[in-house]
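So for the sequence shown, numbering that gives the first Met the number 0 puts the first residue at 0; every next one is plus one.
Don't be surprised by glycine CBs; every beta carbon is placed ideally from N, CA and C.
As the structure is a computational prediction, the values presented were derived from the model and not from experiment.
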Amino acid sequence: MYIEVAYAEPAQQSLVSLDLAEGCTVEDAIRASGLLTRFPGIDLSVNKVGIFGRACPLNTVLREQDRVEIYRPLFADPKVVRRERVAAGKTMKKASQPD
């Protein structure tokens, strides 16, 4: 079965395509991708993982054309950052509106 494994750091992104046997898990795919060697900072006991943006456990069985994603931990809680911006008198930027 064809799947992809994705991981991104600020300076480098990686998307690995794999052809795995039916019944493989998220953890199997990550290990087969070689990303644990390329990015030694990945720790599967710390980093969350998901499929197409939805968090899932490492033992989740994959389906054809799934994209496994390895998430980096947040450095700052978005709620705390927003409170600090408001306290400092700064406003949040709004997304540009289509014409």
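Taking only three categories from DSSP, how would you classify residue i?
{"i": "Ala-20", "result": "coil"}
{"i": "Arg-62", "result": "coil"}
{"i": "Pro-77", "result": "helix"}
{"i": "Ala-10", "result": "coil"}
{"i": "Ala-87", "result": "coil"}
Between the C-alpha atoms of residue i and residue j, what's the straight-line distance to the nearest angstrom?
{"i": "Leu-73", "j": "Pro-9", "result": "13 Å"}
{"i": "Gly-52", "j": "Glu-68", "result": "7 Å"}
{"i": "Ile-41", "j": "Tyr-6", "result": "9 Å"}
{"i": "Leu-57", "j": "Arg-82", "result": "34 Å"}
{"i": "Arg-30", "j": "Ala-87", "result": "45 Å"}
{"i": "Cys-55", "j": "Leu-35", "result": "18 Å"}
{"i": "Ala-18", "j": "Arg-84", "result": "Sequence check: residue 18 is Asp here, not Ala. Using only the alpha carbons, I get a separation of about 46 Å."}
{"i": "Leu-43", "j": "Asp-76", "result": "21 Å"}
Name the DSSP bridge partner or partners of residue i?
{"i": "Val-4", "result": "Val-15 and Val-67"}
Keeping to the same chain, check which residues put their C-beta closer than 8 Å to that of residue i; ignore five residues upstream and five downstream.
{"i": "Ile-50", "result": "Val-25, Thr-59, Leu-61, Asp-65, Arg-66, Val-67 and Glu-68"}
{"i": "Glu-21", "result": "Met-0"}
{"i": "Arg-37", "result": "Ser-13"}
{"i": "Val-45", "result": "Pro-72"}
Using C-beta distances below 6 Å, list every residue in its chain close to residue i, excluding the 5 sequence neighbours before and after it, in chain order.
{"i": "Ser-16", "result": "Glu-3"}
{"i": "Val-48", "result": "Val-25 and Ile-69"}
Once the 5 residues before and after residue i are set aside, which same chain residues still bring their CB inside 7 Å of it?
{"i": "Cys-23", "result": "Leu-61"}
{"i": "Ser-32", "result": "Val-4, Val-15 and Leu-17"}
Does any residue of chain B bring its CB to less than 8 Å from the CB of residue i?
{"i": "Arg-30", "result": "Absent from the structure: chain B. Only one protein chain is present."}
*Fully enclosed by the stretch 32 to 56, which alpha helix (DSSP H) runs are 4 residues long or longer?*
Correct list: 34 to 37.
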